[in-house]
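Undergrad:
There are 2 protein chains.
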Amino acid sequence: MTGSGTPARILLADDHALVRRGVRLILDAQPDLEVVAEAGDGAEAVALLRDPTSDLAVDLAILDVAMPRLTGLQAAREISRMRTPPTILMLSMHDNEQYFFESLKVGASGYVLKSVADRDLVDACHAALRGEPFLYPGSERRLVRDYLERLRRGERLPPAALTPREDEVVKLIAEGHSSREIARELTISVRTVERHRENVLQKLGMRDRTELTRYAVRVGLIDP
Amino acid sequence: MTGSGTPARILLADDHALVRRGVRLILDAQPDLEVVAEAGDGAEAVALLRDPTSDLAVDLAILDVAMPRLTGLQAAREISRMRTPPTILMLSMHDNEQYFFESLKVGASGYVLKSVADRDLVDACHAALRGEPFLYPGSERRLVRDYLERLRRGERLPPAALTPREDEVVKLIAEGHSSREIARELTISVRTVERHRENVLQKLGMRDRTELTRYAVRVGLIDP
DNA sequence: GGGCCCATGGGGAGTGCCACCCACATCGCC
DNA sequence: GGCGATGTGGGTGGCACTCCCCATGGGCCC
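Right, here's the structure in full:
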């Protein structure tokens, strides 16, 4: 991939122009990296990569996880289905288990937090371009350790998002409804509502409704 | 302010190192602007400005609205109460009315969205340093027009919502901390934490922590 | 000085939430 | 034809949350 002579060609997608500009400055400072295209949302990124006339020949796509129109996750899913997809590196504000696993599921090779130093971003780009799955800044993190451990044991990823019913319950919880109200709304027993809530909390590794509420906002189940 | 000879001295606070790095590269490229300090959260920014030994002599503080520990808004409130406070410019991801007014209330001279171009950020810095209240990218915005209109008519800003202490408590609640944890964090009794929570719920007409969490996300006390 | 807001505490009652245990019916899939 | 996933339901216990009541002291404004 990308011989030692020509720099790797990068598409950069983030909805904040300032962030884009900053990341671009960081990457272009590297002799072997070159940002050849920018996108302000996921749809734009996909369109740029699909356009046969543009002939971008992108080696690496860096996508912000959360963007308008098409999120980075959705865009990654589309991009990884192309004939000769570029390597995908997800950029995220959130040190969040769900996002991380979702990113791997949609075909990303790397997941980098915006809180890391610029050096780490450059490292992640290099690792991704070498074909190594750069998982996280700081592989000592429990999240990654557990993930690698599961990989080693041959287990497949069960991060399995939520079931449709669980999504419904989470949405109502995050909207501030009590278990009793939700039970009435869905015409099931209070116990079943609580059961769903427990399962979701356990699945996502969360403790209470406030975390659930932030999750619901993040994934777009509700508006804040 | 800042003679034409020496560049203006800037403190930059944002919890995402990558964003900090990018903004710094943008600003340092200007001959008359110089980032002399960085902070990863509001508390750090305040501490740096307060420290008499550091002698930073900061002319302009650029604060991200949403940061851990102390938000940019809380930090701005503290900073503007110092003896010789620097000019304050708020940096925000959110095109949000509440946020915008809150920023003005806590003493900020400018409010810039992260979605603007780097040129606009530089312009905002220059305007703020000249003492002009640079209100928003694009002063034709209805938000700003209405605000200026109300100022002209001598109206005061809409009611002050929450007290600083209440803001702190809400932030911690929305981050998922229990009353006991918050009490330890703020070194007050559990009863007082609960008292603040009750008052806030009553003030905002809300019922529980999930509504409070959405509120905190809306006004930018926390990120989802 | 008197009033008001703010921050700090406490008691008690009722309810909700959350974590552990248990079970059974259905459906699809291999 | 069993096996896992999904949805449904129950019980118990402990703690947290929410809503009432009470109070004191400091600061600010008229």
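Sequence lines, in order, name chains A and B.
Numbering-wise, the numbering used here puts 206 at position 206 of the first sequence, and it's gapless, one number per residue.
With the second sequence counted from 1, adding 1000 to any position gets you the numbering used here.
C-beta: ideal position from N, C-alpha, C; glycine also.
None of these values were measured; they are calculated from a predicted model.
For S103/A, does the three-state DSSP call read helix, strand or coil?
TA: In this structure, S103/A counts as helix in the three-state DSSP scheme.
Undergrad: Any contact of the stretch 1019 to 1037 of chain B with the stretch 7 to 20 of chain A, i.e. 3+ C-beta pairs under 8 angstroms?
TA: Because the criterion of three Cβ pairs below 8 angstroms is met, the stretch 1019 to 1037 of chain B and the stretch 7 to 20 of chain A touch.
Undergrad: Can you give me the start and stop residues for the alpha helix (DSSP H) that R191/A sits inside?
TA: Run containing R191/A: V190 to L204, per the alpha helix (DSSP H) assignment.
Undergrad: Using a C-beta cutoff of 8 angstroms, does R1214/B count as contacting chain A?
TA: By this cut-off, R1214/B is an interface position.
Undergrad: Terminal residues of the continuous beta strand (DSSP E) containing D64/A?
TA: L60 to D64 is the extent of the beta strand (DSSP E) around D64/A.
Undergrad: Mind checking R1209/B: buried by the 16 CB within 10 Å criterion, or exposed?
TA: Its Cβ being crowded by 16 or more others within 10 Å, R1209/B is buried.
Undergrad: So what's E1038/B in DSSP terms, helix, strand or just coil?
TA: It is a strand residue.
Undergrad: Counting C-beta neighbours from all protein chains within 10 Å, is the total for M90/A 16 or more, i.e. buried, or is it exposed?
TA: When all chains shown are included, M90/A counts as buried.
Undergrad: Quick one: Cα of T2/A to Cα of P31/A, how far?
TA: With a pLDDT of 44 at T2/A, under the threshold of 50, the modelled position of this residue cannot be trusted, and the question is left open.
Undergrad: Looking only at its own chain, which residues have a Cβ that is under 6 angstroms from the Cβ of A1108/B, when we skip the five neighbours before and after it?
TA: These residues qualify, in order along the chain: A1076, I1088 and M1090.
Undergrad: Identify which residue in R81/A, L212/A, R214/A and A61/A has its Cα closest to the Cα of A39/A.
TA: Ranking R81/A, L212/A, R214/A and A61/A by Cα distance to A39/A puts A61/A first.
Undergrad: Beta-carbon separation of A57/A and R130/A under 8 angstroms?
TA: No.
Undergrad: Looking at the unbroken beta strand (DSSP E) that takes in L1012/B, where does it start and where does it end?
TA: Looking at the DSSP string, the run of the beta strand (DSSP E) that includes L1012/B is A1008 to A1013.
Undergrad: V23/A touches chain B at which residues, Cβ-Cβ below 7 angstroms?
TA: Here the neighbours are L1018 and G1022.
Undergrad: On the DSSP bridge assignment, give the partners of V186/A in chain order.
TA: The sequence given here has Leu at residue 186/A, not Val. According to DSSP, L186/A bridges with nothing at all.
Undergrad: Check the Cβ of L37/A against every Cβ in chain B and list those closer than 7 angstroms, keeping chain order.
TA: In the sequence on display, residue 37/A carries Ala and not Leu. Going along chain B, no residue has its Cβ under 7 angstroms from A37/A, so there is no contact; the nearest lies around 17 angstroms.
Undergrad: Using the C-alpha atoms, what's the distance from V1200/B back to K1171/B?
TA: The alpha-carbon atoms of K1171/B and V1200/B are separated by roughly 12 angstroms.
Undergrad: With distances taken from CA atoms, which of R1083/B, T1213/B, V1169/B and L1012/B is nearest E1194/B?
TA: That would be V1169/B, whose Cα lies nearest to the Cα of E1194/B.
Undergrad: Taking all protein chains shown into account, do 16 or more other C-beta atoms lie within 10 angstroms of the C-beta of T1084/B, making it buried, or fewer, making it exposed?
TA: Looking at its Cβ environment, which holds fewer than 16 other Cβ atoms inside 10 Å, T1084/B is exposed.
Undergrad: Taking beta-carbon pairs under 7 angstroms, can you tell me which members of the stretch 1112 to 1129 of chain B lie near chain A?
TA: Within the stretch 1112 to 1129 of chain B, the residues whose Cβ lies closer than 7 angstroms to some Cβ of chain A are K1114, S1115, V1116, A1117, D1118 and L1121, listed in chain order.
Undergrad: Counting C-beta neighbours from all protein chains within 10 Å, is the total for S103/A 16 or more, i.e. buried, or is it exposed?
TA: Classification of S103/A: buried, given that the 10 Å Cβ count is 16 or more.
Undergrad: Can you give me the C-alpha to C-alpha distance between T163/A and Q202/A, rounded to a whole angstrom?
TA: The straight-line gap from Cα to Cα measures roughly 13 angstroms.
Undergrad: Within 10 angstroms of the Cβ of S1092/B, are there 16 or more other Cβ atoms? Answer buried if so, exposed if not.
TA: S1092/B should be labelled buried.
Undergrad: Starting from A1045/B, find everything on chain A with Cβ-Cβ shorter than 9 angstroms and list it in chain order.
TA: Those do not exist, as A1045/B stays about 16 angstroms from chain A at its closest Cβ, beyond 9 angstroms.
Undergrad: Which of the three DSSP states is assigned to R156/A in this structure?
TA: For R156/A, the predicted model reports a pLDDT of 39, less than 50, meaning its position is unreliable and no value from the coordinates is stated.
Undergrad: Enumerate in chain order the residues of its own chain whose CB-to-CB distance from T1192/B is below 6 angstroms, with the five nearest sequence positions on each side excluded.
TA: The answer is none, since no qualifying residue turns up.
Undergrad: Determine the extent of the alpha helix (DSSP H) in which I1235/B is found, giving its start and end residues.
TA: Outside the shown range of chain B (1001 to 1224) lies residue 1235/B, about which nothing can therefore be said.
Undergrad: Any Cβ of chain A within less than 8 angstroms of the Cβ of G1176/B?
TA: Interface residue, yes.
Undergrad: Closer than 9 angstroms between beta carbons: that is the criterion. Which residues of the stretch 193 to 210 of chain A meet it against chain B?
TA: Residues passing the 9 angstroms Cβ filter: M206, R207, D208, R209 and T210.
Undergrad: Going by DSSP, what residues sit across from M1082/B in a beta bridge?
TA: Partner(s): none; M1082/B has no beta bridge.
Undergrad: Leaving out five residues before and five after E185/A in sequence, what residues of the same chain have Cβ atoms less than 8 angstroms from its Cβ?
TA: Excluding sequence neighbours, E185/A sits near L172 and H177.
Undergrad: Which two residues bound the contiguous alpha helix (DSSP H) that contains V1112/B?
TA: Segment G1110 to L1113 is the beta strand (DSSP E) holding V1112/B; no alpha helix (DSSP H) there.
Undergrad: Less than 8 angstroms between the CB atoms is what I'm expecting for A1128/B and D1064/B, so what's the real figure, rounded?
TA: Rounded, the Cβ-Cβ distance is 16 angstroms, inconsistent with contact.
Undergrad: Can you tell me which of L1011/B, D1059/B and E1166/B puts its alpha carbon nearest to the alpha carbon of E1044/B?
TA: It is L1011/B whose Cα lies nearest to the Cα of E1044/B.
Undergrad: Give me the chain A residues within the contact set of I1026/B, using Cβ-Cβ distance strictly less than 9 angstroms, ordered along the chain.
TA: Here the neighbours are L18, R21, G22 and L25.
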